[in-house]
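Protein chains in written order, with the working numbering: chain Y, 1320 to 1586; chain P, 431 to 693.
Data first, discussion second: the structure below is written as structure tokens.
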Amino acid sequence: MGVLAMTPVFELEGVGFRYPNAPALDGVSFSIAPGQCVALLGANGSGKSTLLRLLAGLAFAQAGHVRFQGGELTEAALADDAGGLEFRRRVGVVFQNPDAQLFNATVFDEVAFGPLQMGWSREQVLERTGEALRALDIEALRERPPYRLSGGEKKRVALASVLVLDPEVLILDEPTAALDPQSQARVIDFLFERLGERTVIIATHSLEVAREIADTCAVLSGGQLAAHGPAEGILSDEALLRSTHLLHVHRHRHGPGSAHSHPHQHS
Amino acid sequence: MRRDFLEKTLRNLGDALDEAGRAESSGPLRRLDPRVKLAGFFGLILAAASSRHLPVTLGLWGLGATLAAVSGPGAWRAILRLWAGVGLLTGAVALPALFLTPGPALDWGVTQTGLQSALTLLVRVETTATFASLIALTTPWPALLKALRHFHVPALAVVIFAMATRFIFVLLGIARDAFEARRARHVGHLPGKLRRQMAASGAAMLLGKSIQLSGEVYDAMRARGFRGEAVTLDEFRCSRADWAAAGLFLALTGAALEWGCWR
Ligand SMILES: Nc1ncnc2c1ncn2[C@@H]1O[C@H](COP(=O)(O)OP(=O)(O)O)[C@@H](O)[C@H]1O
Ligand SMILES: [Mg+2]
Chain Y
1320 MGVLAMTPVF
1330 ELEGVGFRYP
1340 NAPALDGVSF
1350 SIAPGQCVAL
1360 LGANGSGKST
1370 LLRLLAGLAF
1380 AQAGHVRFQG
1390 GELTEAALAD
1400 DAGGLEFRRR
1410 VGVVFQNPDA
1420 QLFNATVFDE
1430 VAFGPLQMGW
1440 SREQVLERTG
1450 EALRALDIEA
1460 LRERPPYRLS
1470 GGEKKRVALA
1480 SVLVLDPEVL
1490 ILDEPTAALD
1500 PQSQARVIDF
1510 LFERLGERTV
1520 IIATHSLEVA
1530 REIADTCAVL
1540 SGGQLAAHGP
1550 AEGILSDEAL
1560 LRSTHLLHVH
1570 RHRHGPGSAH
1580 SHPHQHS
Chain P
431 MRRDFLEKTL
441 RNLGDALDEA
451 GRAESSGPLR
461 RLDPRVKLAG
471 FFGLILAAAS
481 SRHLPVTLGL
491 WGLGATLAAV
501 SGPGAWRAIL
511 RLWAGVGLLT
521 GAVALPALFL
531 TPGPALDWGV
541 TQTGLQSALT
551 LLVRVETTAT
561 FASLIALTTP
571 WPALLKALRH
581 FHVPALAVVI
591 FAMATRFIFV
601 LLGIARDAFE
611 ARRARHVGHL
621 PGKLRRQMAA
631 SGAAMLLGKS
641 IQLSGEVYDA
651 MRARGFRGEA
661 VTLDEFRCSR
671 ADWAAAGLFL
681 ALTGAALEWG
691 CWR
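Dropping the structure here:
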């Protein structure tokens, strides 16, 4: 980081959250600097999606504080018309399940939905929507209903529907889950190329994805922050990865040699 | 017939919906202002549902059929399927009335009043279903949702309605996958009881899944700036033809109520 003290994009301080029947987060504290790419790692059920919902202002901390650029994220703060809309424009969310994210009748309507809610002019909506469709190479799908597309196409439409607002922060929940290897590679390449200046927060249980794009990693385990720091350090800490169920050991054979045990990831 | 009945029903329903969704409708209804269409058909549905005279209800059905016929082949095919499905269901419900309603006897134990009330019910249901489907078949979804908001239907109700219709496809897919996966685990013939259990737990899973999906969709809408009122690209404009159509709807509804209900 430079000499200037930058206000963190997000700051979490002793954050706790529980669903009616299950605790999800407990005492989570860390912050995210502008322009960083953070991988939020953790096994299934460790609280990644819940933490993302708090950062996205879709749920609110029941204990502790979540701050966005110094201002506390509360229901009241987001209910304010101008401030609430501005936050939605600046913080884009790509959800894990594209079937939930894509709810419009056509791909065009889907991508235009955000700009329309922002109250942009008709010309601006049409122009920006056209740009986003071109950028993600989905112009040909323009009139198709999103729920009938392939997994990879759905992901691209979901990305377009968020990037059309040109957000400063992009939150992605398991962006490569349920995609075939080729589509996974495409999504990762795309994130590499397009994200330059943006702050990016990616929830994943894939160490590979984290290795490819993260500067920083935060590891969740049972709703608590197990580790936080530069990506290289965390991704090479086998003991940590094993204790948080991101790696496990079992016996199998490589090539003609005999069976042996070594740490191993299943994504 | 018994084997894979659920699966087949699901698939057929999916195909029918799919076709209806893609139906490229055309004709005068397509061009009508969605607000006029919604209010107009609502009046006609009321008139058809409350009509006590078979010829009046039949006349309204004829009107619905004519409108479907001029709305393009896609809409027409969808309406034909609807008639067959609704006819079968209503027929099954109305069948006992044929024999059980007291009145002068005709052949095979059928009473005259029984025949009349079964027919009235059948025609009434077919007619209201026709009008309701015509709205859906000739109006793009966003426009329909916006028109509903014009009549102060609560935003959340509209959102849930919209989601329900969109997600029927997604849910049908989930259900079909689940049935297929389970069948793969039970190779061979399944006893009837087990199959009924599978259907029941399948329905419960579907309900849970759709509640979860609705929550996720609502999040996704809020994350992109939705604040209770969806903004759409097209503004409604009521042309002179729309006003004329509104007058026509009103006159037809009035006449149908006059002859079918109040006389
Ligand atoms: N909508 C919900 N209602 C109740 N419990 C939930 C809900 N969503 C998640 N949970 C629970 O909260 C915990 C954390 O879940 P989640 O944040 O989805 O984890 P992850 O994304 O890491 O898999 C889990 O125990 C999960 O069962
Ligand atoms: Mg998750």
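Just so it is clear, CB atoms sit at the ideal spot from N, CA and C, and this is done for glycine as well.
Closer than 9 Å at the beta carbon, the chain P residues around residue i
i: residue 1588 of chain Y; result: Nothing about residue 1588 of chain Y can be read from this structure; chain Y reaches only from 1320 to 1586.
i: residue 1363 of chain Y; result: Within chain P, no residue comes near residue 1363 of chain Y; the closest Cβ sits about 16 Å away, beyond 9 Å.
i: residue 1449 of chain Y; result: Result: empty, since nearest Cβ-Cβ is about 13 Å, beyond 9 Å.
i: residue 1497 of chain Y; result: Within chain P, no residue comes near residue 1497 of chain Y; the closest Cβ sits about 13 Å away, beyond 9 Å.
Beta-carbon neighbours of residue i, restricted to chain P and to distances below 8 Å
i: residue 1408 of chain Y; result: 655
i: residue 1480 of chain Y; result: 654
Residue i at chain Y interface by Cβ criterion, 8 Å
i: residue 672 of chain P; result: no
i: residue 500 of chain P; result: no
i: residue 583 of chain P; result: no
i: residue 570 of chain P; result: yes
i: residue 650 of chain P; result: yes
i: residue 643 of chain P; result: yes
i: residue 516 of chain P; result: no
i: residue 466 of chain P; result: no
Below-8 Å beta-carbon distance, residue i vs any chain P residue
i: residue 1491 of chain Y; result: no
i: residue 1339 of chain Y; result: no
i: residue 1420 of chain Y; result: yes
i: residue 1414 of chain Y; result: yes
i: residue 1379 of chain Y; result: no
i: residue 1436 of chain Y; result: yes
i: residue 1375 of chain Y; result: yes
Spatial distance of residue i from residue j (CA atoms)
i: residue 1519 of chain Y; j: residue 581 of chain P; result: 42 Å
i: residue 1668 of chain Y; j: residue 549 of chain P; result: The question about residue 1668 of chain Y has no answer, for chain Y in this structure spans 1320 to 1586.
i: residue 1474 of chain Y; j: residue 1459 of chain Y; result: 15 Å
i: residue 696 of chain P; j: residue 469 of chain P; result: In the structure displayed, chain P extends from 431 to 693; residue 696 of chain P sits before or after that span and is not available.
i: residue 682 of chain P; j: residue 676 of chain P; result: 10 Å
i: residue 1506 of chain Y; j: residue 1499 of chain Y; result: 11 Å
i: residue 690 of chain P; j: residue 474 of chain P; result: 12 Å
i: residue 506 of chain P; j: residue 456 of chain P; result: 11 Å
i: residue 1350 of chain Y; j: residue 1331 of chain Y; result: 6 Å
i: residue 1409 of chain Y; j: residue 1358 of chain Y; result: 19 Å
i: residue 646 of chain P; j: residue 1394 of chain Y; result: 18 Å
i: residue 583 of chain P; j: residue 1378 of chain Y; result: 27 Å
Reference residue i, options the options, closest by Cα
i: residue 541 of chain P; options: P:527, P:552, P:550 and P:551; result: P:527
i: residue 496 of chain P; options: P:670, P:661 and P:560; result: P:560
i: residue 458 of chain P; options: P:471, P:524 and P:568; result: P:568
i: residue 1495 of chain Y; options: Y:1488, Y:1509, Y:1388 and Y:1484; result: Y:1509
i: residue 652 of chain P; options: Y:1405, Y:1507 and Y:1447; result: Y:1405
i: residue 1348 of chain Y; options: Y:1342, Y:1325, Y:1398 and Y:1538; result: Y:1538
i: residue 1329 of chain Y; options: Y:1499, Y:1384, Y:1367 and Y:1378; result: Y:1384
i: residue 1542 of chain Y; options: Y:1353, Y:1371 and Y:1483; result: Y:1371
i: residue 656 of chain P; options: Y:1412, Y:1355, Y:1433 and Y:1346; result: Y:1433
i: residue 574 of chain P; options: P:466, P:691, P:456 and P:684; result: P:466
i: residue 1522 of chain Y; options: Y:1560, Y:1326 and Y:1365; result: Y:1365
i: residue 1516 of chain Y; options: Y:1353, Y:1333, Y:1325 and Y:1345; result: Y:1353
i: residue 562 of chain P; options: P:673, P:545, P:491 and P:546; result: P:491
i: residue 1342 of chain Y; options: Y:1359, Y:1326 and Y:1367; result: Y:1367
i: residue 1548 of chain Y; options: Y:1536, Y:1555 and Y:1554; result: Y:1536
i: residue 1513 of chain Y; options: Y:1525, Y:1483 and Y:1540; result: Y:1483
i: residue 1411 of chain Y; options: Y:1440, Y:1360 and Y:1478; result: Y:1478
i: residue 1389 of chain Y; options: Y:1326, Y:1551 and Y:1557; result: Y:1326
i: residue 555 of chain P; options: P:576, P:670 and P:482; result: P:482
i: residue 1373 of chain Y; options: Y:1356, Y:1524 and Y:1392; result: Y:1392
i: residue 667 of chain P; options: P:577, P:692 and P:642; result: P:577
i: residue 1545 of chain Y; options: Y:1560, Y:1555, Y:1533 and Y:1551; result: Y:1560
beta-carbon residue i near ligand 4 non-hydrogen atom, thresh 7 Å
i: residue 1540 of chain Y; result: You won't find ligand 4 in this model; what it holds is ligand 1 and ligand 2.
Beta-carbon contacts of residue i that lie in its chain and below 8 Å, excluding the five residues immediately before and after
i: residue 1381 of chain Y; result: 1335, 1336 and 1337
i: residue 1476 of chain Y; result: 1417, 1421, 1426, 1429, 1430, 1455, 1457, 1460, 1465 and 1468
i: residue 553 of chain P; result: 484, 487, 488 and 491
i: residue 433 of chain P; result: The pLDDT assigned to residue 433 of chain P is 44, lower than 50, so where the model puts this residue is not dependable, and the model offers no usable value.
6 Å CB neighbourhood of residue i in its chain, flanking five on each side removed
i: residue 1564 of chain Y; result: 1362
Beta-carbon contacts of residue i that lie in its chain and below 7 Å, excluding the five residues immediately before and after
i: residue 1403 of chain Y; result: 1397
i: residue 1470 of chain Y; result: 1497, 1498 and 1502
i: residue 509 of chain P; result: 498, 560 and 563
Chain Y residues whose Cβ lies nearer than 7 Å to that of residue i
i: residue 646 of chain P; result: 1414, 1416 and 1419
Neighbour list for residue i in chain C, Cβ cutoff strictly below 7 Å
i: residue 1432 of chain Y; result: Any reference to chain C falls outside this structure, whose protein chains are Y and P.
Under 8 Å from the C-beta of residue i: neighbouring residues of chain Y
i: residue 661 of chain P; result: 1435, 1436 and 1438
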